[in-house]
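**Q** Heads up, the sequence shown stops at 294 in my numbering, and the numbers go up one at a time, no gaps.
Every residue gets a Cβ at the ideal spot worked out from N, C-alpha and C, and that includes glycine.
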Amino acid sequence: KQKTAYEISLGLVGSEMCIRDRSIGFRTSDEQFQGEWSRGDVVVDGRTWPEQLDSIVEEFSSCFDSMERYELLFQYAKRNPSPLPVEEWDDGNQVHGCQSRAHVSCDLDHEGHFVLRGGADAQIVQGLMAITCLAVNGRPPQEVADMEPTFVDEMGIKASLTPSRSNGFLNMFKRVQEEARLLMEGA
Numbered sequence: 108k109q110k111t112a113y114e115i116s117l118g119l120v121g122s123e124m125c126i127r128d129r130s131i132g133f134r135t136s137d138e139q140f141q142g143e144w145s146r147g148d149v150v151v152d153g154r155t156w157p158e159q160l161d162s163i164v165e166e167f168s169s170c171f172d173s174m175e176r177y178e179l180l181f182q183y184a185k186r187n188p189s190p191l192p193v194e195e196w197d198d199g200n201q202v203h204g205c206q207s208r209a210h211v212s213c214d215l216d217h218e219g220h221f222v223l224r225g226g227a228d229a230q231i232v233q234g235l236m237a238i239t240c241l242a243v244n245g246r247p248p249q250e251v252a253d254m255e256p257t258f259v260d261e262m263g264i265k266a267s268l269t270p271s272r273s274n275g276f277l278n279m280f281k282r283v284q285e286e287a288r289l290l291m292e293g294a
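(1) Can you tell me whether DSSP reads Pro223 as helix, strand or coil?
(2) For the stretch 182-202 and the stretch 231-248, state whether three or more C-beta atom pairs, one from each stretch, are separated by less than 8 Å.
(3) Just to confirm my understanding: we take Asn278, look at its own chain, exclude 5 residues before and 5 after, and list those with CB closer than 8 Å. What are they?
(4) By Cβ distance below 6 Å, which residues in the same chain neighbour Leu160 in space, the five residues on each side in sequence not counted?
(5) Could you check how far apart the C-beta atoms of Ser273 and Lys265 are, in whole angstroms? I think they sit under 8 Å.
(6) Can you tell me the Cα-Cα spacing of Glu292 and Glu250, whole angstroms?
(7) Starting from Val211, trace the beta strand (DSSP E) in both directions and tell me its first and last residue.
(8) According to DSSP, is Arg76 part of a helix, a strand, or is it coil?
(9) Just reading off the alpha helix (DSSP H) that Asn278 is part of, what are its end residues?
(10) If we count the other Cβ atoms within 10 Å of its Cβ and call it buried at 16 or more, is Gly225 buried or exposed?
Now the structure itself:
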């Protein structure tokens, strides 16, 4: 049986509890932070994200409220296409500035395409990583380095996250972009 939003909210622990207790539509007043999120990409067919995310963006944007979005995010966390096992977590692949323990490993496959594997101890972060993996995996590293996380805005997730979770996601995304640049230099 699939859990309801109420059942999930009862199971939240630690920093994830603040999501349950806050109002929907939170916006930060930090202009630099807002600028980071709203910086545009080249728009293709009305979108600024890879085409393979269209159905995911639509799925999240059609959710009724934040709790429904979290339920969906938890489902993506469980089926992360490129998990990074806990045994591979170390100081070198830890995402700094993230509220939870989050780790990413970036490589190129045999064809030179980007491969992100990620893991986190929080379901919300794990879900965000899963969606990011779907956005960047299989793409040329230059596209990954130039990509902006505008899909999170369109999905309605950014407005539901606490400021520290939003900042952590942005730090993770920047780390992925930096890794893509480093991989291009080494290729």
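**A** In brief:
(1) By one-based count along the sequence shown, residue 223 stands at place 116. Looking at the sequence shown, residue 223 is not Pro but Leu. Reduced to three states, the DSSP call for Leu223 is strand.
(2) The stretch 182-202, when compared against the stretch 231-248, does touch it at the 8 Å Cβ threshold.
(3) Taking the sequence shown and counting its residues from 1, the one referred to as residue 278 is at position 171. Within the same chain, Asn278 has close Cβ partners Val202, His203, Gly204, Cys205.
(4) One-based indexing of the sequence shown puts residue 160 at position 53. A distance below 6 Å between beta-carbons, with the five flanking residues on each side excluded, links Leu160 to the following residues of its chain, in chain order: Ala242, Phe258.
(5) As a position in the sequence shown, residue 273 is number 166, starting the count at 1. As a position in the sequence shown, residue 265 is number 158, starting the count at 1. With 8 Å as the limit, Ser273 and Lys265 qualify as a contact, their Cβ atoms being about 6 Å apart.
(6) If you number the sequence shown from 1, residue 292 lands on position 185. If you number the sequence shown from 1, residue 250 lands on position 143. When only Cα atoms are considered, Glu292 and Glu250 end up about 14 Å apart.
(7) The sequence position of residue 211 within the sequence shown is 104, counting from 1. Taken as a continuous stretch (DSSP letters only), the beta strand (DSSP E) holding Val211 covers 209-215.
(8) What is shown of the chain runs 108 to 294, which leaves residue 76 out entirely.
(9) Working through the sequence shown from its first residue, we reach residue 278 at position 171. Asn278 -> alpha helix (DSSP H) spans 270-293.
(10) Counting from one through the sequence shown, the residue named residue 225 turns up at place 118. Around the beta-carbon of Gly225, 16 or more other beta-carbon atoms lie within 10 Å, marking it buried.
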